[in-house]
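Throughout the sequence shown, residue numbering follows UniProt numbering, covering 1 to 222 in sequence. To keep things clear, I will list the structure first and then write my remarks on it.
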Amino acid sequence: EIPLVIGNLTYLQSLYLSNNKLTCIISCEISLTIGDLTTLKAIDLSNNNLSSIISCRIPTPPPLLQWYAVSNNNLTGEIPSSICNWTSPMGISLDGNNLEGTIPKCIGNLSSSLTAVYLGNNNFHGQMPENFAKGCMLKSFSVINNELEGSLPRSLGNCKGLNLLNVGNNNLNDTFPSWLGNLDQLQVLILRSNRFYGQIESFDTTVSLTKLRIIDLSHNNF
């Protein structure tokens, strides 16, 4: 087991426990200590057997935390509201779990510092955040394989450095997003298996998407 004394490592900046066999009992004990690690910048608990860390009282993230990864576990519950208290997050990876509920609107507000958001392969429902900030720093945004609905947020157009946008396998209902044409760094665009409809229009920009490598529009209503 991971000793609780880890909470006494007051100068710890990175905590990597991925690819082990950690379970809820161990992770709950750990989660009660990480809030005291005020210098912590990165937490990676990916690829374990965690089953309910979300319900194990994850504390308010340490103020300097930049990267939080718990992908590919068996986590249930909703994204904790404490995520909205982050001051300078750079990446969040919760993909490959059984999380549910809605995606917090603050994800859009945090995009002024977030560069990567991976929320795919969960059970999130409702609409995507619609308030991606001007000066958005996102490079990767993936919500594949959820139950999201509504339209693709126009504010994603603020994310000028976006390389990957994957919203495949949801219930999004919108016209072809020709407005994405102003994202001249875009390399991968996945819209497959949604309810996009209408004509596939030319991107409404003079910018040539020379970096676009993959576009998947299959299984829609075009």
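Glycine included, each C-beta is placed from N, C-alpha and C at the ideal position. All values derive from a computational prediction rather than experimental measurement.
Query                                                                                                                                                            : Result
Quick one: using the 10 Å Cβ neighbour count with 16 as the cut-off for buried, is Q199 buried or exposed?                                                       : exposed
Where do the N-terminal and C-terminal ends of the beta strand (DSSP E) with Q190 fall, by residue?                                                              : One point to set straight first is that residue 190 is Ile, not Gln, in the sequence displayed. First-last of the beta strand (DSSP E) with I190: V188 to I190.
So what's I83 in DSSP terms, helix, strand or just coil?                                                                                                         : helix
In whole angstroms, give me the CA-to-CA distance for L217 and G161.                                                                                             : 22 Å
Have a look at S113 and N49 and give me their C-alpha separation to the nearest angstrom.                                                                        : 30 Å
In three-state DSSP terms, what is residue 224?                                                                                                                  : With the chain covering 1 to 222 only, the question about residue 224 has no answer from this structure.
For L148 and T38, I'd like the C-alpha separation in whole angstroms.                                                                                            : 35 Å
Are there 16 or more other CB atoms within 10 angstroms of the CB of Y68, so buried, or fewer, so exposed?                                                       : buried
Are the beta-carbon atoms belonging to F196 and T210 less than 9 Å from one another?                                                                             : no
CB-CB under 8 Å to F124, same chain, minus the five flanking residues each way: which ones, in chain order?                                                      : L99, E100, G101, T102, I103, V143, N146, E147 and L148
Using only the alpha-carbon positions, how far apart do T23 and G77 sit?                                                                                         : 16 Å
According to DSSP, what are the bridge partners of A69?                                                                                                          : D44 and S93
If you drop the 5 nearest sequence neighbours on each side, which residues of the same chain put their C-beta closer than 8 Å to that of S81?                    : P104
For I54, which residues from the same chain have a beta carbon less than 8 Å from its beta carbon, with the 5 sequence-adjacent residues on both sides left out? : Low confidence applies to I54: its pLDDT is 49, below 50, so where it sits in the model is not reliable, and the reading given next is rough at best. L75, T76, G77, E78, I79, P80 and L99.
Around the C-beta of Y16, are 16 or more other C-beta atoms found within 10 angstroms, so that it is buried, or is it exposed?                                   : exposed
Could you work out which residue in L212, V188 and N182 is closest to F141 when comparing CA atoms only?                                                         : V188
Note down, in chain order, each residue of its chain lying with its Cβ closer than 6 Å to the Cβ of G108, except the 5 sequence neighbours on either side.       : P129, N131 and F132
Give the range of the beta strand (DSSP E) segment to which I214 is assigned.                                                                                    : I214 to D216
If we ignore side chains and look at the alpha-carbon of each, how far apart do N73 and N221 end up?                                                             : 34 Å
Taking 6 Å as the limit between beta carbons, can you name the residues of its chain near K134, skipping five residues before and five after?                    : N158
Find the nearest neighbour of L191 within the set V167, M90 and L212, judged by alpha-carbon distance.                                                           : V167
Would you identify the three-state DSSP class for V143, choosing helix, strand or coil?                                                                          : coil
Since F124 is in the beta strand (DSSP E), which residue starts that stretch and which ends it?                                                                  : N123 to Q127
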